[in-house]
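Protein chains in written order, with my numbering: chain A, 1 to 273; chain B, 1001 to 1297; chain C, 2001 to 2426.
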Amino acid sequence: MNTRKGWAFHAVMAPLTLLWVAPMAFVVLISIRSFDDIASRGTAALPDSFTFDGFRTAFGEGSMGKALWTSVQVTVPAVIISLLLSSMAAFALSRYPIPGRRAILLVMLAGNLLPPQILLIPVSRITESLGIYDTLVGLIAIHVGFGLGFYTFVLHGFMRSIPSEVTEAARIDGAGAFSVYARIVMPLCRPSLAALGALATTWIFNDLIWAITVLRTQAKFPVTAALLNLQGGYVSNWNVVAAASIMAAIPTAIVFFAFQRHFVSGLLMGSTK
Amino acid sequence: MTVAAASRRRRHISPVVWLFLLVPAAVEVGLVFWPAVNSFYLSLTKWNGLGAPENVGLRNYRDMFSDGVFREALGNNVIWAVGFGGLSVAGGLALAVALNKPRRGVGVYRSAIYLPMVFSLAVTGLFWRVQYQPDGTVNTLLGAVGLESLERQWLADPKTALYAVLVAAVWRQVGYVMVLYLAGLKGTDPSLDDASAVDGAGPWQRFWYVTWPQLRGVNTVVFAVTVIDSLRTFDIVWAMTQGGPYHSSELLSTYMFQQGFTFLNLGYASAIAVVIFALALLFIITYLVRTLKEEVS
Amino acid sequence: MVHSELSRRGLLAGIGGLGAAALLGGCATSSSDSGSGSSATLTLQSSLSDPSPKAALTKVVEGYTKTKVTLNTIAIESFRAQLPTYLNSATPPDVLTWYAGSVARDYASKGFLLDVSDLWTGSGACAGFSPALKELSTGADGKQIFVPTNYYWWGMFYRKSAFQEWGVRPATTWDEFIALCKAIKAKGVAPLTMGTGSTPWVASGWFDYLDLRVNGAQFHRDLLAGKHSFDGPEVKAVMEHYRELLPYIDPKGRSYSWQDAVTPLASKKAGMYLIGAFITQSVPKDVVDDIDFFRVPIIDPSVPVAEEAPTDGYFASARSKNVAGAKELLSYLASAPAQEEFIKLSASSNLPTSPRVSTAGFSPLVQKGIKLLNESAAITQFFNRDSSDELQSTADTALTKFLDSPADVDSILAGWQSAAQKVLNS
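Structure (structure tokens):
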């Protein structure tokens, strides 16, 4: 190992990383200040106070605890169902000569190309006519529907690279399609499933726009919508918003760190092996 | 797969496999395409959310092309696609290459760079708004190195607002692209790289001729993601400038939101959304059809 | 090979899609029929997400024991985006917070608001309210559709101790005001602070007031209704006065939100702020008692004095499943005790609409505000509440451009006029 290059590497990366981490430090600094301190000296000033009021208020009036639990209740089923359905579709499209499979794949991906904002009102009407408006089930359904195209696309690429000899051997042994799926292909996909799972968790957990569209009752809001409600139309208690943001970031950060191992070996598409 | 094997496979596809495809497809059609078709229909109407929409044919589209703000937003989107797309991909790739080899502290660096993705856009927007303020960090740093002449009100100056927001958006996106490329690099064959090093190839040559071709699969995903994300960027621009000052940082997505939800011109907003969709489709489909054709051959 | 596969499926998909489009287009945009049947609970959908008003409303609602009320507080921007969906739903929220003025009237004309005229007659909760408030709450068909519960005033806010330190006093005429600005500037302090960065509507505060002082309230209302031109001589006169203010406005305000711009005022780095009384929510606690205001200076003594006093309140959904309950909740919210409790807890210097609320216990600042409004000849709301959010956005564009390049005032006004016409004619 060239020690001179090693020193140069850290000399570049360390300040760069500090730059990246600076906003987080800023948010932490704001969260421990008092409202009066921010009001009198501005958001940019260094803290002149130290208090956990922001966190207390976020937990209490902001009901961050309940909102975090709601987010978990929405994210976990949505991720599991999304990955299940998209792996099924990817399996069918990648390993069976279904007519028009390339077109179908592209059409499914195209579903992700529309800006979500414009679908808000049709989605709210449709969930209402289906009877799932203002329910967590409705929110989960929307998340599943909107992720399917992209997840199918990525899993399709990974499944294509599984050699056909592996599945042929199973087929000759008499295994049906479902067995091939469950016992051979899915275990081989574990790394990319883990990676997609981590990404999907980040996206669904941090989603704001669907939560606001599908849900109307404040008690059912997940963390992102609850966070938005901490900002007023006139005045915002930035210390409370900052504290709540930190609490909201912790679960996704944990998931990311936990899945990181798989992350850096999972999202391949048609690798050269 | 040999030709013989392929023709043998064609005879029968079990119903289970059809089910595997049709259940997810049905879900997507019901929850995504059904509302999307509605949006296309809405783009031909004038509607404010209450009562029945009024059919106006292609008037929204005609109005769009004579709308100065729409044209400005379209131009900004081009700048955004090149700037945001280009910089986040270049930065993500560079960081992935730099942080790929196991080294002391590399895990910390990787995690730090991904961290922005985990934070809510409300506080991210606030942070950058504060940094760009007249007495904020950016101007203070410029003053400290003697560049006072470059100090300005970054978010209030129509000439710099868009680029100031661009920096913030790239800062956030780079971690995500880096992670995608890290995944791709892990799938490359290190023995090829070592072999060419032994043959005397320099680091840049090794990257361009050995590593880069192996990244083709990841590049497709990154391209798709970048195009989709750059056309859909909304939250960070809205949090920082709301498209201002006087529309100089307006993007199609922020304009669409303002038209649809602040002014309740839902027909016109839907027309803008259809344009966004068409642009994304154009890029993605041509690239993907070409790529998938290559893979088949 | 690929092409033939695509075309067969594509054709079928296309035909199916077109047929579906017509069918489904109707589906998602049609409003559902309200079925019969009533409910025993009430939903109050609130846009008051500011910390103190939210806490205040929660407390007030807790005091309502007749029916169970579910209070949902939604951030204002999301609330505004979802409001048509709320009103159009088959099971809408029963009571909603909103503003008096053209938006409420617009919804009423489309039949989405409950007729609450019986609250305004006889012994109804709003029967004693002023005629101006009644007029404000009346829809185009003469029926009342709104229940106002509080309003606030706008004025030139400043810190008493700061003025004492600088040896200056509030102004009553325009010339005195300019002299006051000069004096403060000589002390090295920005005379006027104004946060027009992420909250450009603040710039309309000065526009509205200058228009009221130069041309009067009737002209202002007519201007916003499209009866006068934005590039006519009257508005040009307004902009001439606005131009006089520019050297005294803190240039950093262009990067601030209205709330950020309060900090210089609180720390004595700026002199005055033309803003609404809600400013008291955002100053540090030890500064609140030091805050005072004076009336925006008179320019033309022959013009009847008008003030801006945006009015907030509630309306009910026409499709509510519990009409009787909704009306009772509205009566409760409009009642004197409820108004008093809300105002006390919300810390935002609001004024009650009910004459039965005793104002003796209110802070001196609020009592001064009441006096200000009582002495005015006319009251307007605010630019967006008197017209629409879309017209407000044309004002934001024009006025912020003017702040940056005042020399281009003629082309800016011409652009404003054409943008305004597009909005008013659509």
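Just so you know, even glycine gets a beta-carbon here, dropped at the ideal spot from N, CA and C.
Treat the numbers as computed from the prediction; the structure is a model and nothing was measured.
What separation, rounded to the nearest whole angstrom, lies between the Cα atoms of residue i and residue j?
i               : j               : result
S2137 (chain C) : I2279 (chain C) : 26 Å
N1076 (chain B) : A1161 (chain B) : 11 Å
G1030 (chain B) : L1022 (chain B) : 12 Å
W1080 (chain B) : G2226 (chain C) : 37 Å
A1164 (chain B) : Y1132 (chain B) : 8 Å
M2156 (chain C) : A2203 (chain C) : 14 Å
R1152 (chain B) : S2255 (chain C) : 10 Å
N2150 (chain C) : L2087 (chain C) : 23 Å
T2121 (chain C) : Q2392 (chain C) : 34 Å
M1178 (chain B) : L1095 (chain B) : 6 Å
L2048 (chain C) : N2350 (chain C) : 13 Å
P2304 (chain C) : R2221 (chain C) : 14 Å
F205 (chain A)  : T75 (chain A)   : 6 Å
L2372 (chain C) : E2341 (chain C) : 23 Å
A2040 (chain C) : G2325 (chain C) : 8 Å
DSSP beta-bridge partners for residue i?
i               : result
D2312 (chain C) : C:Y2099 and C:N2150
L2044 (chain C) : C:L2071 and C:V2095
P1134 (chain B) : Partner(s): none; P1134 (chain B) has no beta bridge.
G2276 (chain C) : C:W2154
P2352 (chain C) : C:N2150
E2307 (chain C) : C:I2379
Q2421 (chain C) : Partner(s): none; Q2421 (chain C) has no beta bridge.
A2104 (chain C) : None, per the DSSP bridge assignment.
R2159 (chain C) : C:I2291
E1054 (chain B) : B:K1046
T2138 (chain C) : C:Q2144
Taking its Cβ as the centre, do 16 or more other Cβ atoms sit within 10 Å of residue i, making it buried, or is it exposed?
i               : result
I2379 (chain C) : buried
G2111 (chain C) : exposed
N1100 (chain B) : buried
F2383 (chain C) : buried
F2271 (chain C) : It should be pointed out that residue 2271 (chain C) corresponds to Gly in this sequence rather than to Phe. Looking at its Cβ environment, which holds 16 or more other Cβ atoms inside 10 Å, G2271 (chain C) is buried.
F52 (chain A)   : exposed
E2062 (chain C) : exposed
H1012 (chain B) : exposed
I1272 (chain B) : buried
Y1209 (chain B) : exposed
F50 (chain A)   : exposed
A1090 (chain B) : exposed
D207 (chain A)  : buried
R183 (chain A)  : exposed
S2032 (chain C) : Residue confidence is low: S2032 (chain C) scores 45 on pLDDT, short of 50, so the model does not pin down where it sits. No coordinate-derived value is stated.
P2301 (chain C) : exposed
R1290 (chain B) : exposed
F1065 (chain B) : exposed
A2081 (chain C) : buried
V1078 (chain B) : exposed
How is the alpha helix (DSSP H) around residue i delimited, first residue to last?
i               : result
N146 (chain A)  : Checking the displayed sequence, the identity of residue 146 (chain A) turns out to be Phe instead of Asn. Where F146 (chain A) is concerned, the enclosing alpha helix (DSSP H) stretches over L136 to R160.
L105 (chain A)  : R101 to A110
I2145 (chain C) : Note, I2145 (chain C): premise wrong, no alpha helix (DSSP H); not H, not E.
Y1041 (chain B) : W1034 to L1042
T167 (chain A)  : S164 to I172
S2393 (chain C) : D2389 to D2404
R2169 (chain C) : Element bounds for R2169 (chain C): n/a, residue is neither H nor E.
Q218 (chain A)  : Premise fails: Q218 (chain A) is in no alpha helix (DSSP H) and is neither H nor E.
W2258 (chain C) : Segment: none, W2258 (chain C) is in no alpha helix (DSSP H) and carries neither H nor E.
G2325 (chain C) : V2323 to A2334
Can you give me the start and stop residues for the beta strand (DSSP E) that residue i sits inside?
i               : result
F2293 (chain C) : I2291 to F2294
G2379 (chain C) : Note that residue 2379 (chain C) is Ile in the sequence shown, not Gly. Looking at the DSSP string, the run of the beta strand (DSSP E) that includes I2379 (chain C) is A2378 to T2380.
A2190 (chain C) : A2190 to L2192
Any residues in the region 214-232 of chain A with a beta carbon nearer than 7 Å to a beta carbon of chain C? Which ones, in chain order?
-> Within the region 214-232 of chain A, the residues whose Cβ lies closer than 7 Å to some Cβ of chain C are R216, T217, Q218, L228, N229, Q231 and G232, listed in chain order.
Residues in the region 1098-1112 of chain B with C-beta within 9 Å of chain A's C-beta atoms, listed in sequence order?
-> A1098, L1099, N1100, R1103, R1104, G1105, V1106, G1107, V1108, Y1109, R1110, S1111 and A1112
Give, in chain order, every residue of the region 2064-2075 of chain C whose Cβ lies closer than 8 Å to some Cβ of chain A.
-> T2070, L2071, N2072, T2073, I2074 and A2075
Scan the region 2375-2389 of chain C for residues whose Cβ lies nearer than 7 Å to a Cβ of chain B and list them as they occur along the chain.
-> D2389
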